[in-house]
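Asks:
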Amino acid sequence: SSPVPRKLFGVIRSPGYPKPYPNNNISIWDIHVPKGYVVKLTFQYFDLEPSESCFYDYVKITADKKNLGRYCGQLGSATGNHPGRKKFVSKGTSMHLAFHSDFSNEDNGTVISYRGFLASYQAVDLNECDPNSAAGEDERPRCQHFCHNYVGGYFCSCRTGYQLQSDHHSCKVECSSELFTEASGYLSSPDYPQPYPEDLRCNYSIRLQRGLSIILRFLEPFEIDEHQQVHCPYDQLKIQVHGRQIGEFCGVKSPGSIETNSNEVDILFLTDESGFSRGWKIHYTSQKIRCPQPVPRDQFTIIRDLQPLYQFQDYFIVTCKTGYNLMQGNQKLLYFSSVCQADGTWHQSMPHCEIVNCGNPADLTNGAFSYVNQSANNNYQSVITYRCNEPYYHIVTGTGGDTFTCSPEGTWVDQNGQMRIPACLPVCGKPVTPLTEVQR
Amino acid sequence: IIGGKSASSGNFPWQALTDIHGRGGGALLGDRWILTAAHTIYPKGAVGNSLSLEKLAEEANIFLGHTKVEELHKIGNHPVRRIFIHPDYNPDDGYNFNGDIALLELKHPVTLGPTVLPICLPDTTNTTFYMDGRMGYVSGFGVEKNFVSNELKYVGLPAVAREKCQSWLDSKKGDMPIVFSENMFCAGFLTVRQDTCQGDSGSVLTVLDKESDRWVATGIVSWGIGCAEGYGFYTKILSYVDWIKKIMREN
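Chains A and B, in that order, are what the protein sequence lines are.
Our numbering puts the first sequence at residues 1 to 440.
Our numbering puts the second sequence at residues 1001 to 1251.
Set out below in structure tokens:
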């Protein structure tokens, strides 16, 4: 056995070459080349005793556990199996040569010398990406997507959207942190509308500015592996809003449109290791988030310029009918407005309107007041009349008279809108029991 | 009041009893003013005239609402806020009662009623109240038959023509340089013993205005030569209506 140095090329000679090889000789060479190469061997000279089936002397070549032939004879000899200019190429990184000579080299009693052989080998780059170069027929392709050969090796790459895995062979969709920030857009399962890959853990996050509501509209086709009896046991499309799941879908019935009422939506797509469904595609849009329609709490409340729809940053103003005060709890408001917030709520709750109360009318010194209307209260539009303690006082009023009405402003006013109450002035020179002299 | 009668409750509801330098009278104007004679505050030739008006206001006692002095004291005093004396009044001139008029402003308005009511002031355009013979009534808590009265008395007196007053005064005054100014008038009788007297000063002589059916104050009991010995002299309120109204308006 002759060890062959691990080189990229070399020469192998039969024993004694170029002199005749000896009888009864067995020589073996194991050629090894680096990984990524194959061995290519050619004979420059070949002269071995010819025999049927190379029974006596021969060179046997094996590679990849396969017999590449048993060779003997001379160039042009009728018997034997001369290799000629044949190129022997291994599929692996090694090749094995075995030389064998028998006890004699005679032809009809005449001793004949044969010189043996001279072979050269070289390491030839292996094109691992060539499907025909696979070491075994049952071996999988070297790369799941794309294979790139180079001298001494190869590497794999993946289609757009896929990532080469740690085995340097597999390609997997990288969809664990897809982020969408545009106001509208499309997102879909990998390879849509072609069947989606297995073992997906996709997470599509839509993040829009506050105050916007995301609307999801599923396009056709919609196909996710399902089971007739069990809800989505294989693959699931989950919709989450602020961490809260609002839907889990599979099957072939499209969910249609989903109004999320949120500016943050997460779509999770989980698949198992098998299936042949075509997946899904979503066209998402956004609109300003809506607030509930404001509703008056009582019949005296007026919502100014009521709109059919209120969205983020819209506002409404509330007033009361004349004679009513705007109240928030027990607090009287001079003005009220409420703004639609980013979370779809109003920043202030609806106030109510309370009838104006003028309070007790001012007391009239040396006089009094009385209610004209039966209700005898101090509410808006109540009417009182002042009078003086006659006959000792007489009333003096403004031009608005002695009748006062509870005004919308919460004050008692006369018919001219004046607040000043009448005065009771003394009556002079009018004794109740004047001097009367009977005697004349 | 000499030769008068007792007043019934409510006959003279404006009548005030004053106690400043002794007994005096006054009349209610409005619900917080007392019209009186200046000499009840600063008597002629008195030693106490050095007291300030503020001090006098503090010490003044004013009673309203009854015909009996005792009852008036029970009802209580109406404290005085300020005193206004007419600028023409000269306390040092014992023979000239010109400007003998004053106003007392009460601290608190009084509540009017049957026994407390104000008297009216004369209309400055109406001089008929001073015509000769025009009857009026004067009331007071003053001297009656040498005794101060314990109850309100009244007497009816006619106004007297100026010439008669002057003539009578000339005959009576002798060397006394007493002044009878245009701002005074006299009323009373020469022969009938009916007159006002000491303690009635400040009370008012009133006449009934038939047109308005109101009693109007025409004079303030001011001075006289004796009591019931002839005419009595009164401050002519008509001359001072503007001053009265000005004081009241400004305060």
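Backbone N, C-alpha and C define an ideal beta-carbon position, used for all residues, glycine too.
Values in this document were obtained by computation on a predicted structure and should not be read as measured data.
Compare the Cα-Cα distances from residue 289 of chain A to each of A:389, A:353 and A:264 and report the closest residue.
Replies: Nearest of A:389, A:353 and A:264 to residue 289 of chain A, Cα basis: A:264.
Asks: Just the Cα atoms here: how many angstroms apart are residue 1091 of chain B and residue 1037 of chain B?
Replies: 12 Å
Asks: Are the C-beta atoms of residue 438 of chain A and some chain B residue less than 8 Å apart?
Replies: Output row for residue 438 of chain A: interface = no.
Asks: Determine whether the beta carbon atoms of residue 1153 of chain B and residue 1034 of chain B lie at a separation below 8 Å.
Replies: Contact: no.
Asks: Expressed to the nearest angstrom, what Euclidean distance is found between the alpha-carbon atoms of residue 253 of chain A and residue 276 of chain A?
Replies: 16 Å
Asks: Let me know the secondary structure DSSP gives residue 1057 of chain B once reduced to three states.
Replies: helix
Asks: For residue 20 of chain A, which residues from the same chain have a beta carbon less than 8 Å from its beta carbon, with the 5 sequence-adjacent residues on both sides left out?
Replies: 105, 113, 114, 115 and 116
Asks: Interface residues of chain B around residue 429 of chain A at Cβ under 7 Å?
Replies: 1119, 1120, 1214, 1215 and 1216
Asks: Which word fits residue 1110 of chain B, buried or exposed, when buried means at least 16 other C-beta atoms lie within 10 angstroms of its C-beta?
Replies: buried
Asks: Hey, how far is the Cα of residue 99 of chain A from the Cα of residue 84 of chain A?
Replies: The straight-line gap from Cα to Cα measures roughly 17 Å.
Asks: Residue 1200 of chain B versus chain A: which residues are under 8 Å apart at the beta carbon?
Replies: The premise fails here: residue 1200 of chain B is roughly 16 Å from chain A at the closest Cβ pair, so nothing lies under 8 Å.
Asks: Taking Cβ to Cβ, would you say residue 1218 of chain B is nearer than 8 Å to residue 1205 of chain B?
Replies: yes
Asks: Restricting to runs no shorter than 3 residues, where is the beta strand (DSSP E) found entirely within the stretch 15-48 of chain A?
Replies: 26-32 and 37-47
Asks: Using beta-carbon positions only, say whether residue 960 of chain B and residue 1118 of chain B come within less than 8 Å of one another.
Replies: With chain B represented from 1001 up to 1251, any question about residue 960 of chain B goes unanswered, as that position is not in the structure.
Asks: If you measure between the beta carbons of residue 280 of chain A and residue 218 of chain A, is that distance less than 8 Å?
Replies: yes
Asks: Could you round the C-beta distance between residue 1222 of chain B and residue 1184 of chain B to whole angstroms and report it? I think they count as a contact, below 8 Å.
Replies: 7 Å
Asks: Kindly say whether residue 1013 of chain B, judged by its beta-carbon, lies nearer than 8 Å to any beta-carbon of chain A.
Replies: yes
Asks: Closer than 8 Å, CB to CB, is residue 366 of chain A near chain B or not?
Replies: yes
Asks: Buried or exposed: which applies to residue 154 of chain A, given that a residue is buried once 16 or more other Cβ atoms fall within 10 Å of its Cβ?
Replies: buried
Asks: Output the residue ranges of the beta strand (DSSP E) runs that lie fully inside the stretch 288-325 of chain A and measure 3 residues or longer, sorted by chain position.
Replies: 301-304 and 315-320
Asks: Rounded to whole angstroms, what's the CA-CA distance from residue 192 of chain A to residue 185 of chain A? Just pull it up for me.
Replies: 15 Å
Asks: Would you check whether the ligand ZN has a heavy atom nearer than 7 Å to the C-beta of residue 1220 of chain B?
Replies: As for the ligand ZN, it is missing from this structure, which has no ligand bound.
Asks: Counting only the same chain and skipping the five closest in sequence on each side, list residues whose C-beta sits under 6 Å from that of residue 1201 of chain B.
Replies: 1024, 1037, 1040 and 1221
Asks: Could you tell me whether the Cβ of residue 971 of chain B comes closer than 8 Å to any Cβ of chain A?
Replies: Outside the displayed span of chain B (1001 to 1251) sits residue 971 of chain B, for which this structure offers no information.
Asks: State the DSSP-derived secondary structure class of residue 206 of chain A, mapped to helix, strand or coil.
Replies: strand
Asks: What does DSSP give as the partner residue(s) for residue 1223 of chain B in the beta ladder?
Replies: B:1233
Asks: Let me check one thing: in DSSP terms, what residues is residue 193 of chain A bridge-paired to?
Replies: The partner list for residue 193 of chain A (beta bridge, DSSP) is empty, contrary to what the question assumes.
Asks: Which residue wins for smallest C-alpha separation from residue 1198 of chain B, given the options B:1170, B:1180, B:1149 and B:1244?
Replies: B:1149
Asks: Going by beta-carbon coordinates alone, are residue 267 of chain A and residue 121 of chain A separated by less than 8 Å?
Replies: no
Asks: To which residues of the same chain is residue 77 of chain A closer than 8 Å at the C-beta, ignoring the five residues directly before and after it?
Replies: 50
Asks: Measuring alpha carbon to alpha carbon, tell me which residue in B:1104, B:1159, B:1132 and B:1163 is nearest residue 1234 of chain B.
Replies: B:1159
Asks: Can you find the residues in the same chain that come closer than 7 Å, C-beta to C-beta, to residue 223 of chain A, ignoring five residues on each side of it along the sequence?
Replies: Here the set comprises 252, 277, 278 and 279.
Asks: Excluding sequence positions up to five away, which residues of its chain have a Cβ less than 8 Å from the Cβ of residue 248 of chain A?
Replies: 231, 232, 236, 237, 238 and 239
Asks: Start and end of the alpha helix (DSSP H) containing residue 1241 of chain B?
Replies: 1241-1250
Asks: Helix, strand or coil: how does DSSP classify residue 1016 of chain B here?
Replies: Strand.
Asks: Please give me, in chain order, every unbroken run of the alpha helix (DSSP H) with length at least 4 that falls completely inside the stretch 1132-1162 of chain B.
Replies: none
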